[in-house]
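K.L.:
As you go down the protein sequences, you meet chains C and P in turn.
The opening residue of the first sequence carries number 36 in the numbering used here; numbering runs sequentially from there.
The opening residue of the second sequence carries number 6 in the numbering used here; numbering runs sequentially from there.
Here it is, the structure in full.
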Amino acid sequence: MPFGRAGILFILQSVSMKPEKRKSYSYRQIHTERFFKGSLVFISASILLVVLAIMFTLIVQSTPSLRSLGVGYLWGKTWDPVRDIYGALPFMLGTLLTSFLALIISIPFSFAVAIFLGEYFPEGWFSNFLKNAIELIAAVPSVIYGFWGLAVLVPMVRSLESAMGVSPVGYGIFSSALILAVMIIPYAASLGRSMIQMVPSALKEGAYSLGATRYEVIKSVILPYTKSGLLAGVLLSLGRALGETMAVTMVIGNTPLMPKNIFSTGNTMASVIANELGEADKVVYNSALIELGLVLFLVTVVINMVGKKIISRFTEE
Amino acid sequence: MKTLKFLSLAGLALIFSGSVLMTTGCGSGAGSKSDSSANKSGDDNSILGAGSSFDNPLFSKMFSEYNKNTGLIINYQSIGSGGGIKGLTDKTVDFGASDAVLSDDQAKTMGVPVIHVPVTAGAVVLSYNLPEVKDTLNLSPDVLAGIFMGTITKWNDARIAAINKGVKLPATDIQVVHRADASGTSNIFTTYLTKVNKDWETKVGKGSSVSWPVGLGGKGNEGVAGTVKQTPGAIGYIELAFAIQNNMPFAKMQNKAGNFITPSIASVTAAANIQIPDDAKVSLTNTDAADGYPISGLSWVLIYKEQKYNNRSADRAAKMVKLIQWMIHDGQQYGTPLFYAPLSQNAVNVGDALLKTVTYDGKPVLQ
């Protein structure tokens, strides 16, 4: 990439310079450079445009619901399409509960995998195999996770629930969080692994030469050095968990009620939209669902911003 | 170098998707009325339809048979009744199919008269998972409402036992299963409960998706059926055809006349054998017929009464009306093997009369 930047810089200079200088580049070269720069600008701008357009569409389409329901929409507990009463709180709670629970469950696994592959076994057939397996976890379509959850996880959670004395349903927030936890492991693990591999060996060797054990090296050299990368991976995982729809909708139980505990059934914002948008025939209903999309969008943005703040605070020292 | 290549590929992909977005964006913004494929007068040998997923297996069979006979291509999109109604409102399809009649709001949005032609009838059955119980369960309207309201929570509740004399009921918790997605099946089921139970009417009401007081949601018939099969003590409502094909046990329902009726093609046809009003907009739920299954419903094809809109040709209108006429007569034979109840004679007569009122530029389409 340095070639591109240098080239562009050169064109910028050459345009304002004297004619003798310009001779060293042919017209064709300059043309290519211009075209290349132009397309880069166009592509970057179009990404920005797409994000803004999505935001704009969401706001415009949720206006009817914003008007008729107001801000009470955010903490309303009832979702009743028959009476045209819509409150997003149960679904917001569902989304946040499943995502954060999944994150808590997945972090030990993803960090362990990252350290194992990054530090203990960076090479060899076994680590290659493990690396590919982790990447495969990310590549499996979410409906397959949903199906697996339905067939395997739900009955297991059901027997756990009857052993604990909770109503043995099996579906619910806990099952969804378990599925999500598996699905988001690769994001934090892959990023963490490449970060750990990038720790300069001089640092590690220095620590070893001072008599540190492997655990001590990981604890006092590698982890502090890679903190920001590990946290960024966690943030990436969280983003994935917040928006996941199919796998969650298959095991969460889809009830429009406030979740009482982590074993109760619930619903998430993404799953409600997917389930109900197709037949939302009333204006306010349709618009309330789109507003749910807007809320999900904003929740994701806020969590991302907060996460970035946390990362920068952690890494400034 | 590899990354550069990848980047340029990604860039290309973006440019393509961007331009596609822009063109479709413009299309729907400026010319959705005149641009939609249904109205291109150039291709009059294909008819577009959309709507009820309940009708889809039957329609697939009917349309492939009709295609063999006439060469007419019918493209039906099974996107749900609400989607079909939306499509017809936007005039992007020639006909919609729905398990519910248009609501007042929907009719107002359409602005012009729409006719409802009944094409088939189906039933919603209560399937349950009680391995201990070998007999078929009996359910009454009040017990059913109690279960779905959450006031009856155990299978050995006295109210269930009272209508199931001699059946040994287990003390397990009842797990209610309903549809998670909006659907015509839910609409028929909640319409029935609204008719037979005051409590349900005031607290929940009817619709393709309602605020369920208890239970868990499964996506689609297969979602509900899967959840019921898997969860001990579960009860859920699914379409009759689906329950028969999957060998699931289902309950006998007490009808208005007080008889406990096993859902079957015969008892659904019986339910539809009532006086059908001239506009065919009738709910079969809680039927008066003594041998009719009470949670039955008609499914309708919806078309505009005046077929001359958006440069549609007279030929296209005639082809479509003839297709629907065929569906309610010769097409009915394909219903029974697929577990759809054939229309009663009353319903066919009303459908015929309705199709005669369809006009093109003020003149009747059928002579």
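Backbone N, C-alpha and C define an ideal beta-carbon position, used for all residues, glycine too.
Quick check: is the beta carbon of Ala187/P nearer than 8 Å to any beta carbon in chain C?
P.N.:
So, interface residue.
K.L.:
What in chain P is Cβ-close to Thr284/C, meaning under 8 Å?
P.N.:
Neighbours of Thr284/C on chain P, chain order: Ala185 and Lys224.
K.L.:
Verify the CB distance criterion: does Leu131/P have a CB-CB separation below 8 Å to chain C?
P.N.:
No, its Cβ sits nowhere closer than 8 Å to a Cβ of chain C.
K.L.:
So the alpha helix (DSSP H) Leu213/C belongs to, where does it begin and stop?
P.N.:
Leu213/C -> alpha helix (DSSP H) spans Ile208 to Gln232.
K.L.:
Per DSSP, Leu306/P is paired with what?
P.N.:
Here the sequence assigns Val to residue 306/P, which means Leu is not the residue at that position. Beta-bridge pairing links Val306/P to Ala102/P and Val122/P.
K.L.:
Work out the CA separation of Thr141/P and Asn252/P for me, nearest whole Å.
P.N.:
Near 13 Å, if we compare the C-alpha coordinates of Thr141/P and Asn252/P.
K.L.:
For chain C, check one thing: does any of its Cβ atoms lie closer than 8 Å to the Cβ of Val229/P?
P.N.:
No - not a single Cβ of chain C is within 8 Å of the one on Val229/P.
K.L.:
Report yes if the CB atom of Thr133/C is closer than 8 Å to the CB atom of Val334/C, and no otherwise.
P.N.:
No; because the gap between Cβ atoms is not below 8 Å, this pair is not in contact.
K.L.:
Please identify, using Cβ separations under 8 Å, the residues of the stretch 178-196 of chain C that lie next to chain P, in order along the chain.
P.N.:
Within the stretch 178-196 of chain C, the qualifying residues are Leu185, Val189, Pro190 and Arg193.
K.L.:
If the criterion is Cβ atoms closer than 8 Å, does the pair Val307/C and Phe126/C meet it?
P.N.:
Against a cut-off of 8 Å, the Cβ pair of Phe126/C and Val307/C comes out as a contact.
K.L.:
Would you kindly work out how many angstroms separate the C-alpha atoms of Ala174/C and Lys344/C, rounded to a whole number?
P.N.:
Taking the straight line from one Cα to the other gives about 30 Å.
K.L.:
Taking a Cβ distance cut-off of 9 Å, strictly less, list which residues of the stretch 67-86 of chain P are near chain C, in chain order.
P.N.:
Listed in sequence order: Ile84, Gly85 and Ser86.
K.L.:
Bridge partners for Asp178/P per DSSP, in chain order?
P.N.:
Answer by DSSP bridge pairing, in chain order: Lys159/P.
K.L.:
Does the beta carbon of Leu359/P sit closer than 8 Å to a beta carbon anywhere in chain C?
P.N.:
Not closer than 8 Å to any Cβ of chain C, the Cβ of Leu359/P fails to qualify, so no.
K.L.:
From Asp162/P to Ser272/P, what does the alpha carbon distance come to, in whole angstroms?
P.N.:
The straight-line gap from Cα to Cα measures roughly 28 Å.
K.L.:
Closest Cβ-Cβ distance between Trp305/P and chain C: below 8 Å?
P.N.:
No, Trp305/P lies away from the interface with chain C (no Cβ there is under 8 Å from its Cβ).
K.L.:
For Ala346/P, write down the residues that DSSP places opposite it in a beta bridge.
P.N.:
Partner(s): Ala126/P.
K.L.:
Could you tell me the alpha carbon to alpha carbon distance between Met258/P and Ile52/P, rounded to whole angstroms?
P.N.:
Cα-Cα distance, rounded: 39 Å.
K.L.:
Applying a beta-carbon distance threshold of less than 9 Å, which residues of chain C neighbour Ser216/P?
P.N.:
Under the 9 Å cutoff, chain C gives Thr113, Trp114, Asp115, Pro116, Val117, Arg118, Ile120, Pro291 and Leu292.
K.L.:
If the criterion is Cβ atoms closer than 8 Å, does the pair Phe255/P and Leu131/P meet it?
P.N.:
Result yes, Cβ atoms of Phe255/P and Leu131/P sit closer than 8 Å.
K.L.:
Are any of the Cβ atoms in chain C nearer than 8 Å to that of Ile90/P?
P.N.:
Closer than 8 Å: yes.
K.L.:
Within 10 angstroms of its Cβ, does Ser191/P collect 16 or more other Cβ (buried), or is it exposed?
P.N.:
Classification for Ser191/P: buried.
K.L.:
Do you know how far the Cα of Lys327/P is from the Cα of Ser100/C?
P.N.:
One C-alpha to the other measures close to 42 Å.
K.L.:
Taking a cut of 9 Å between CB atoms, which residues from the stretch 195-222 of chain C lie near chain P?
P.N.:
Hits within the stretch, in order: Ser202, Pro203, Val204, Gly205, Tyr206 and Gly207.
K.L.:
Check whether the Cβ atoms of Val355/P and Thr364/P lie closer than 8 Å to each other.
P.N.:
Cβ atoms of Val355/P and Thr364/P: not closer than 8 Å.
K.L.:
Show which residues of chain P have a CB atom less than 8 Å away from the CB atom of Lys2/C.
P.N.:
In this structure chain C extends from 36 to 352, so residue 2/C is not present and cannot be described.
K.L.:
Gly263/P by DSSP, collapsed to three states: which one?
P.N.:
Reduced to three states, the DSSP call for Gly263/P is coil.
K.L.:
Name the chain C residues whose beta carbon is nearer than 7 Å to that of Leu135/P?
P.N.:
Those within 7 Å of Leu135/P in chain C number zero; the least Cβ separation is about 15 Å.
K.L.:
How many whole angstroms separate the CB atoms of Leu63/P and Tyr339/P, which I take to be in contact at a CB cut-off of 8 Å?
P.N.:
Going by Cβ atoms, the distance from Leu63/P to Tyr339/P rounds to 7 Å, so yes, they are a contact pair.
K.L.:
Assuming contact is defined by CB atoms lying nearer than 8 Å, are Tyr314/P and Val119/P in contact in what I supplied?
P.N.:
No, they are not a contact pair.
K.L.:
Using the Cα positions of Leu12/P and Phe332/C, report the straight-line distance between them to the nearest angstrom.
P.N.:
Bear in mind that the predicted position of Leu12/P carries a pLDDT of just 46, short of 50, making it unreliable; the figure below should be weighed with that in mind. Spanning the two alpha carbons is a distance of roughly 27 Å.
K.L.:
Unbroken beta strand (DSSP E) runs of length 3 or more, entirely within the stretch 206-278 of chain P: which are they?
P.N.:
As far as the stretch 206-278 of chain P is concerned, its whole beta strand (DSSP E) runs of at least 3 residues are 221-223, 239-244 and 257-259.
K.L.:
Would you kindly report the start and end of the unbroken alpha helix (DSSP H) that includes Ser83/P?
P.N.:
From DSSP, Ser83/P is part of no alpha helix (DSSP H) but of the beta strand (DSSP E) over Ile78 to Ser83.
K.L.:
By how many angstroms is the C-alpha of Ser162/C removed from the C-alpha of Ser145/C?
P.N.:
Taking the straight line from one Cα to the other gives about 15 Å.
K.L.:
Anything in chain C within Cβ reach of Leu198/P, meaning under 9 Å, just list it in chain order.
P.N.:
Neighbours of Leu198/P on chain C: none; closest Cβ ~12 Å, over 9 Å.
K.L.:
Could you tell me which residues DSSP puts in a beta bridge with Ile120/C?
P.N.:
In the DSSP output, where bridge partners are listed per residue, Ile120/C has Asp115/C.
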